[in-house]
Every structure is written in C-alpha cells, then in structure tokens.
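First comes the structure, then the notes that go with it.
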C-alpha cells in the first residue's frame, strides 16, 4: 500500500490534486499503514516523488507530510499508545472489510455507509483507531459514483432496493451483533440497511433530507418512499439520529425521520466554545469523546 500510495501521488501536478490524492488514499488505509507512511515521509531524505518544478518540491513535500501528520495526531486522540492492527480485505468489488485477527464469535460487525467523500466525516484510520480489532470489524460500503447513493451501490445494484439485499449476502457471518453506521448521505442507507442485514442498532449522523432534489434524477424510488417502506422494519431496533447543533438542515431532517421512526433518539452534538455544523463527529476527536460516543450509541461495551 505504501509504494502504491507514493506512486499515486507522484502523478499529481498541483497542491489541490495532492490533497485529494492523499484523502482518497486515507479512505482505504489502516492505522498501521498510516504510521508506516508517515515514518517513511518524515525520513530526512524523503522528498515528494512527483514531476513538479524543482522550486516547488519542498512545498509539495511539506504539504504531504502535514496532511498525514494531522491524521496521526487525530488517531492518538483515541488515547492508545500504538496503532490498532486491522487488516483490509475485499468482500466484493468496492466493498472492503477491515478486520481484526480473531474469529467473529462474540464480536460486532459495523456496516458503515460514508458520505460522498468516501469517509465517515474524517479519514478512516482515525475511525478505526477509536475501535478495537478484538471487538469490532468494519465493513465500508461507499458510493464510488459519489452520487449520494441515488444510483445504488454499483456494482451491487443500480438502486438501493436492489443493492442492499445483495450486500447482505456478501457480509461474513458468525458475529454476536451487527450494527449500521452512516454519515451524511450514508445516513439514510444505514437506516434502510439495518433490517436487511440484521442490525440491532443504527447510528446515522447528519443523515440529510428525505426530499433531496438530486434524487429526482436517480434510479428507483425516492429516499422518502424508501424510508416510508423501511420504517416498520426498524421497530425493535435502536435508532440514533445525531446532528450538529449549528446545522439546522440536519436537525430538520432528524425531526422528519422521527415522524417515520418515532422511537428514534435524537442527539444534538453541541459545545459552548465551538460551532458544530454538518461534520458533527469531527469535533469529538480533539475532545477525546469519539470513542465513548461510539460506545454509547453503537452499544460497544
């Protein structure tokens, strides 16, 4: 992965492209890979490997180091002395599992639906560092088309109603529990998936509007129609709808969802000294509150 990463960023020709390339790489990396990468990048002889003008190599080098270092600092806000050891496997095209080394029995499978950026509001290694591979495995189900899942989850299916049952068949079995986690545009898919994959708990953060106008150009039924059909299946499952205190759109969306799922718990993420907008999970990291947040609302004890 490290050599592949350096080969990937070597092709960029602007700082913006560099930032995007690193973000994409971090979306599929494990905590140990990030530590290995930052160790290599902070070797005194390392320089940005791309073909940029000589006078800009230092700028590109410093930018690359800064992005990765920021991720490492956020990882260690989990309060752990070493990176958690997850291994990445492909379950089916576009769907990866980040697994520990122990058998599924007695453990939890998190089926995660990230937003359009392919991340759960932050680089994946930060998320994984806040879990324990002895307790939790994580399946990442992104929308590689970056279309808010309105064209399903290609190549599993071109609509969510087609893709989610197929996804369920690819998930490994034997876990004590399954939970779903969704952020931003992944919030509604996490809710829809719960009855299909057998999840007992759903956490949706900044789930977005059921009447998203972009879905008018999508495949299949609208988000509202899908949720209305799925809502009865959420009975008996724990549902938490979290949103930032300074994100009125997400609060309205949570209100609308609770009309369909009346037992859902609404959780406002708020701090006196910081505005919490759409990316509601990120402010929890520096306060060392992300791990207990997941423990509480995903039932990880």
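In this note's numbering, the protein residues as written are 4 to 304.
A virtual CB, placed ideally from N, CA and C, is assigned to each residue, including glycine.
Query	Result
Measure the CB-CB distance between residue 195 and residue 233 and report whether it falls below 7 Å.	yes
For residue 246, name the three-state secondary structure that DSSP assigns.	strand
Quick one: residues in its chain with C-beta nearer than 7 Å to the C-beta of residue 111, no 5 flanking neighbours on either side, listed in chain order?	138, 139, 178, 179, 180, 182 and 303
Using DSSP with H/G/I as helix, E/B as strand and the rest coil, what is residue 93?	strand
Quick check on residue 204: does DSSP put it in helix, strand or coil?	strand
Suppose you measure from the CA of residue 176 to the CA of residue 107; what does that come to, to the nearest Å?	7 Å
Assuming contact is defined by CB atoms lying nearer than 7 Å, are residue 78 and residue 117 in contact in what I supplied?	no
Classify residue 182 as helix, strand or coil using the three-state DSSP reduction.	strand
So, under 8 Å CB-CB, residue 5 and residue 43 are touching, yes? Tell me the CB distance rounded to an integer number of Å.	6 Å
By Cβ distance, which residues of its chain are closer than 7 Å to residue 305, with the 5 residues on each side in sequence left out?	Because the chain in this structure spans residues 4 to 304, residue 305 falls outside the shown range and cannot be described.
With a cut-off of 8 Å on the beta carbons, I'd call residue 114 and residue 202 a contact; round off their distance for me.	7 Å
If we ignore side chains and look at the alpha-carbon of each, how far apart do residue 193 and residue 215 end up?	16 Å
Thinking residue 256 and residue 188 are a contact (beta carbons under 8 Å), I'd like their distance in whole angstroms, please.	Incorrect: roughly 11 Å between the Cβ atoms, too far for contact.
Quick check on DSSP: helix, strand or coil for residue 115?	strand
Can you give me the start and stop residues for the beta strand (DSSP E) that residue 305 sits inside?	Here the chain has residues from 4 to 304 only, and residue 305 is not among them.
Specify whether the region 50-57 and the region 93-107 touch according to this definition: at least 3 beta carbon pairs, one from each stretch, less than 8 Å apart.	no
Pull up the DSSP beta-bridge partners for residue 140, would you.	112
Which ranges does the alpha helix (DSSP H) cover as unbroken runs of at least 4 residues, wholly within the region 225-276, from first to last along the chain?	226-233 and 251-263
Starting from residue 102, follow its DSSP beta bridges and name the residues at the other end.	90
Measure the alpha-carbon distance for residue 174 versus residue 47 and round it to whole angstroms.	43 Å
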